[in-house]
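Student: Just dropping this structure here.
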Amino acid sequence: MISKEQFNKEIALIITNAIREDVGDGDHSSLACIPSTATGKAKLLVKDTGIIAGIDFAKQVFNYVDKDLKIETLLQEGDSVKHGDIVFYVEGSSQSILKSERLVLNAMQRMSAIATKTNYFVKLLEGTGTKILDTRKTTPGIRALEKWAVKIGGGENHRFALYDMIMLKDNHIDFAGGLGKAIEKTKNYLKETNRDLKIIVEARDLHEVQQILDAKGVYRILLDNFSFKDTKAAVKLIGNQCLTESSGGINEHTIRDYAECGVNYISSGALTHSVYNMDLSLKAV
Numbered sequence: 061m062i063s064k065e066q067f068n069k070e071i072a073l074i075i076t077n078a079i080r081e082d083v084g085d086g087d088h089s090s091l092a093c094i095p096s097t098a099t100g101k102a103k104l105l106v107k108d109t110g111i112i113a114g115i116d117f118a119k120q121v122f123n124y125v126d127k128d129l130k131i132e133t134l135l136q137e138g139d140s141v142k143h144g145d146i147v148f149y150v151e152g153s154s155q156s157i158l159k160s161e162r163l164v165l166n167a168m169q170r171m172s173a174i175a176t177k178t179n180y181f182v183k184l185l186e187g188t189g190t191k192i193l194d195t196r197k198t199t200p201g202i203r204a205l206e207k208w209a210v211k212i213g214g215g216e217n218h219r220f221a222l223y224d225m226i227m228l229k230d231n232h233i234d235f236a237g238g239l240g241k242a243i244e245k246t247k248n249y250l251k252e253t254n255r256d257l258k259i260i261v262e263a264r265d266l267h268e269v270q271q272i273l274d275a276k277g278v279y280r281i282l283l284d285n286f287s288f289k290d291t292k293a294a295v296k297l298i299g300n301q302c303l304t305e306s307s308g309g310i311n312e313h314t315i316r317d318y319a320e321c322g323v324n325y326i327s328s329g330a331l332t333h334s335v336y337n338m339d340l341s342l343k344a345v
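For what it's worth, this note's numbering labels the leading residue of the sequence shown as 61, then goes sequentially.
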């Protein structure tokens, strides 16, 4: 994953762009009927069940819009919530609260949905030693939020983007002229450019697993769309030579079986691309 500093920059960019997109030259609904001196208080109300996420992001949004807004948190990131729970109170300029409202809700609803789904998968894996990973199958422009939510839900982050890890998949391998050539060219590239990036290589069958092991220097082998039988065989073949990852349509019905094959990681795009937003609202009090 990227550094904490780079991650914070991504979050700052999301906030700046989202406020630009939503507010433009002014929140004219509020400007038209609420005095600039008016103050108020609102609560973040839960109307659903699951894992709450995005509280710290909400604080950053409120602070960006108006540094004088005061937030009183009643719950913490990753807490289980139910209908009727209050996550926090925000108090200060009524115009500022309303200007922040939609971004806070949009982000927290999606982040909470992702954290809830991730936590569900984490619990399915309990006792196996296998960890759940996200992917790059994220919403364009808000990847940092979605990967943050995965962490809050108890999952692990895969690479953040194309620049922080090498991942050789089937198309890379085919375009490069084969598995051996792809790995060799990658090693040379990293040496020539003085980059220290981990290498993950996708295997399509057990023969390719052996080829990857023979090439050496690979951090993790991605066992894509392997059967349970072949996954067990691959894990045995790989041993401690590198880490293993299963992927390819794995869902809540099959995830435990794949974990029991002995893989270190299971990656799932569904953590971020197939969720239903948690129902939250910001209500004046």
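All C-beta atoms, glycine included, are put in the ideal place defined by N, C-alpha and C.
Nothing here was measured: the structure is a model prediction, and the numbers come from that model.
#1: Check for me: the alpha helix (DSSP H) holding G240 runs from which residue to which?
#2: How would you label Q33, buried or exposed, when you count the other beta carbons within 10 angstroms and need 16 or more for buried?
#3: In its own chain, which residues sit with a C-beta less than 7 Å from the C-beta of N369, not counting the 5 before and 5 after it?
#4: So, is E305 buried or exposed, given that buried needs 16 or more other C-beta atoms within 10 angstroms?
#5: Could you give the distance in angstroms between the alpha-carbon of I115 and the alpha-carbon of K258?
#6: Measure from the alpha carbon of H267 to the alpha carbon of each residue in Y249, D256 and A293, then state which is nearest.
#7: Which residue's Cα is closest to the Cα of T109: A92, I94 and G138?
#8: Hey, which unbroken runs of the beta strand (DSSP E) at 3 residues or more fall wholly within the segment 132-197?
#9: Whole-angstrom Cβ separation of V295 and V323, contact assumed at under 8 Å?
#10: Along the beta strand (DSSP E) that carries Y318, what are the first and last residues, could you check?
#11: Excluding sequence positions up to five away, which residues of its chain have a Cβ less than 8 Å from the Cβ of Y325?
#12: State yes or no: is the C-beta of T332 within less than 7 Å of the C-beta of E206?
#13: Excluding sequence positions up to five away, which residues of its chain have a Cβ less than 7 Å from the Cβ of E320?
#14: Please report the residue range of the beta strand (DSSP E) in which V278 lies.
#15: Measure the beta-carbon distance from L185 to V147 and round it to whole angstroms, keeping in mind my assumption that it falls under 8 Å.
#16: Check for me: the beta strand (DSSP E) holding S349 runs from which residue to which?
#17: Can you check whether the CB of K130 is closer than 7 Å to the CB of G152?
#18: Kindly provide the ranges of any alpha helix (DSSP H) runs that are 4 or more residues long and lie completely inside the segment 65-134, ordered along the chain.
#19: Using CA atoms only, rank isn't needed, just tell me which of G299, L340, N285 and S140 is closest to T314.
#20: Decide if the segment 219-227 is in contact with the segment 250-265; the criterion is three or more beta carbon pairs, one per stretch, under 8 Å apart.
#21: How long is the line joining the alpha carbons of R219 and L239, rounded to whole angstroms?
#22: Given this structure, state the Cα-to-Cα distance separating T133 from I157, to the nearest angstrom.
#23: What do you get for Q301, buried or exposed, if any count of 16 or more other CB atoms within 10 angstroms of its CB means buried?
#24: Nearest-angstrom Cα distance between V150 and A102?
#25: Residues in its own chain within less than 7 Å of S96 by CB, not counting five upstream and five downstream?
#26: Between which two residues does the beta strand (DSSP E) harbouring T304 extend?
#27: Please tell me whether L73 and V121 are closer than 7 Å, where the distance is taken between their beta carbons.
Tutor: Working from what's here:
#1: In this chain, the alpha helix (DSSP H) harbouring G240 covers L239 to E252.
#2: The requested residue 33 is not part of the displayed model; the chain covers only 61 to 345.
#3: Limits of the chain in this structure are 61 at one end and 345 at the other, which puts residue 369 out of reach.
#4: Buried, by the Cβ-count rule.
#5: Straight-line measurement puts the Cα of K258 at about 32 Å from the Cα of I115.
#6: The shortest C-alpha separation from H267 is found at A293.
#7: It is G138 whose Cα lies nearest to the Cα of T109.
#8: If we require 3 residues or more, the beta strand (DSSP E) runs fully inside the segment 132-197 come out as 146-153 and 191-193.
#9: Right, the Cβ-Cβ distance comes to about 6 Å (below 8 Å), so this counts as a contact.
#10: Taken as a continuous stretch (DSSP letters only), Y318 belongs to no beta strand (DSSP E), being part of the alpha helix (DSSP H) at I315 to A319.
#11: Taken in chain order, the residues that qualify are T190, K191, I192, L193, E216, R280, L303, T304, E305 and S306.
#12: It is a contact, given that the beta carbons lie within the stated cut-off.
#13: Sequence-distant partners of E320 (beyond 5 residues in either direction) whose C-beta falls short of 7 Å from its own C-beta, in its chain, are T188.
#14: V278 -> no beta strand (DSSP E), and no H or E assigned at all.
#15: About 27 Å; that fails the 8 Å criterion.
#16: Outside the shown range of the chain, which is 61 to 345, sits residue 349, and nothing can be said about it.
#17: Yes.
#18: Runs of the alpha helix (DSSP H) lying entirely within the segment 65-134, each at least 4 residues long, are 88-93 and 115-125 in chain order.
#19: Residue nearest to T314 within the set G299, L340, N285 and S140 is N285 (criterion: CA-CA distance).
#20: By the Cβ rule, the segment 219-227 counts as touching the segment 250-265, because three or more pairs are nearer than 8 Å.
#21: R219 and L239: Cα-Cα distance of roughly 21 Å.
#22: Near 15 Å, if we compare the C-alpha coordinates of I157 and T133.
#23: By the neighbour-count rule (16 or more Cβ atoms within 10 Å), Q301 is not buried but exposed.
#24: In a straight line, the C-alpha of V150 is about 5 Å away from that of A102.
#25: Only Q155 meet the Cβ criterion.
#26: Its beta strand (DSSP E) spans residues L303 to S307.
#27: No; because the gap between Cβ atoms is not below 7 Å, this pair is not in contact.
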